[in-house]
Amino acid sequence: MSLILDSSVALAWAYSEETTQAILQVFDLIVEHGAYVPSLWRLEVANVLEAGVRRGRTGGDFRDAVLADLALLPIRPDPETDGQAWGATLQLAIVHRLTLYDAAYLELARRRRLPLATLDRDLRTAAKSEGLVLLGKDE
């Protein structure tokens with residue numbers, strides 16, 4: 364079973380103090396079946412990692428190593444994310460009061476009918492109301 368991976372889960376995997384058993388299970392699924400991400404995912408992940416460098420949380424070597432490790436995984440950007448932005452994604456953002464960035468994950472999970480791996484509370488709430496399967500959190 365493939366899944367939709369949001370940046371919060373990827374970053375929880377990257378920072379060992381945030382990694383849980385549920386996060387490890389998500390990454391086991393990714394290794395075995397792959398994951399899809401909205402086209403903005405790489406920008407989000409790299410931005411958070413770079414912000415960590417700028418704040419002194421980690422060094423550039425850590426950032427580069429995480430990005431290299433993630434690049435080895437079967438994580439595929441969705442080619443339709445941009446085409447959905449002003450339609451389905453915007454409507455989901457309005458209905459669920461999400462940022463368009465978060466709504467992009469919701470739209471992708473709904474369109475592909477795949478589980479969504481996220482730690483974001485608002486996104487989890489929206490996904491539940493849309494009847495989506497959620498991963499990534501010990502519950």
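Read in order, the letters of the sequence shown correspond to residues 364 to 502 in my numbering.
Glycine included, each C-beta is placed from N, C-alpha and C at the ideal position.
- Of the listed residues Phe390, Val394 and Leu430, nearest to Ala409 (C-alpha basis): Here residue 409 corresponds to residue number 46 of the sequence shown, with the count starting at 1. Comparing Cα positions, the closest option is Leu430.
- Query: Would Leu498 pass as a contact of Leu482 if the rule is Cβ separation under 8 Å?
  - Reply: For this step, residue 498 is matched to residue 135 along the sequence shown. For this step, residue 482 is matched to residue 119 along the sequence shown. The answer is no: Cβ separation not under 8 Å.
- Task: Indicate the three-state DSSP secondary structure (helix, strand or coil) for Leu366 in the structure shown.
- Result: Locating residue 366 in the sequence shown gives position 3, counting from the first residue. It is a strand residue.
- Message: Quick check: what's the CA-CA separation for Thr382 versus Leu374?
- Response: Here residue 382 corresponds to residue number 19 of the sequence shown, with the count starting at 1. Here residue 374 corresponds to residue number 11 of the sequence shown, with the count starting at 1. C-alpha separation (whole angstroms): 9 Å.
- Test item: CB-CB of Ser365 and Tyr399 under 8 Å: The residue labelled residue 365 in the question sits at position 2 within the sequence shown. The residue labelled residue 399 in the question sits at position 36 within the sequence shown. Their beta carbons are under 8 Å apart, which means Ser365 touches Tyr399 by this criterion.
- Task: Tell me whether the beta-carbon of Ile393 lies closer than 8 Å to the beta-carbon of Leu436.
- Result: Along the sequence shown, one-based indexing puts residue 393 at 30. Along the sequence shown, one-based indexing puts residue 436 at 73. Closer than 8 Å, so yes.
- Task: Can you tell me which of the three DSSP states Val389 falls into?
- Result: Within the sequence shown, the letter at position 26 stands for residue 389. Looking at Val389 - three-state DSSP - the assignment turns out to be helix.
- Pick helix, strand or coil for Tyr468, following the three-state DSSP scheme. If you number the sequence shown from 1, residue 468 lands on position 105. If DSSP states are grouped into helix, strand and coil, Tyr468 belongs with the helices.
- When Leu387, Thr462, Arg439 and Ala385 are compared against Trp449, the one with the closest alpha-carbon: To locate residue 449, count along the sequence shown from 1; it is residue 86. Answer by Cα proximity: Thr462.
- Task: Go to Val400, then tell me how far its beta strand (DSSP E) extends in each direction, as first and last residue.
- Result: The residue labelled residue 400 in the question sits at position 37 within the sequence shown. Ala398 to Val400 is the extent of the beta strand (DSSP E) around Val400.
- Can you tell me which of Arg474, Asp369, Gly494 and His396 puts its alpha carbon nearest to the alpha carbon of Leu443? The sequence position of residue 443 within the sequence shown is 80, counting from 1. For the sequence presented, residue 443 should be read as Glu rather than Leu. For the residues Arg474, Asp369, Gly494 and His396, the minimum Cα distance to Glu443 belongs to Arg474.
- Item | Top-ranked residue by Cα proximity to Asp424, from Leu469, Gly397, Ala377 and Leu495 | Here residue 424 corresponds to residue number 61 of the sequence shown, with the count starting at 1. Of the listed residues, the one whose Cα sits closest to Asp424 is Ala377.
- Message: So the candidates are Leu455, Asp501, Arg426 and Leu477; which of them puts its Cα closest to the Cα of Asp485?
- Response: As a position in the sequence shown, residue 485 is number 122, starting the count at 1. Nearest option by C-alpha distance: Leu455.
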